[in-house]
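Numbering (the numbering used here), first residue to last: 6 to 97.
Have a look at the structure below before the remarks.
Written out as C-alpha cells, the structure is:
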C-alpha cells in the first residue's frame, strides 16, 4: 500500500501544476488575441471560447484532484490500519 501511495504523489503534483499553469496560459492567450487581432467580433469570440474552455478544464482538474486526493487519503488510512494491526499482532 505504501508503494501505491508513493505513486499518487506525482499525480497530485500534476494536478497542482494544472491549477497553476492553466489560468496563466488562458490569460496569455487572451492578452495576445486582444493585442494582435483587430476585428472586435473575433476578439469577443476567442475570449468567450477561452473562458469556456477554462471553466470546463478547471472543473475537470478539480474533479481529477479530488478523486486522486481522496484515494490518497484512503490509502493512508489503510496503511495506518495495517501498521496498527501488525503492531497489535506482534504483541501477541
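Built from N, CA and C at the ideal position, the CB exists for glycine as well.
Quick check on residue 82: does DSSP put it in helix, strand or coil? DSSP places residue 82 in helix when its eight states are reduced to three.
Return the chain-ordered list of same chain residues with a C-beta closer than 7 Å to the C-beta of residue 63, the five sequence neighbours on each side being excluded. 27
Please say whether residue 55 and residue 36 have beta carbons closer to each other than 8 Å? With respect to residue 55, residue 36 sits apart: the two C-beta atoms are not nearer than 8 Å.
Which residue's Cα is closest to the Cα of residue 68: 21, 14 and 11? 21
For residue 42, which three-state DSSP category applies? coil
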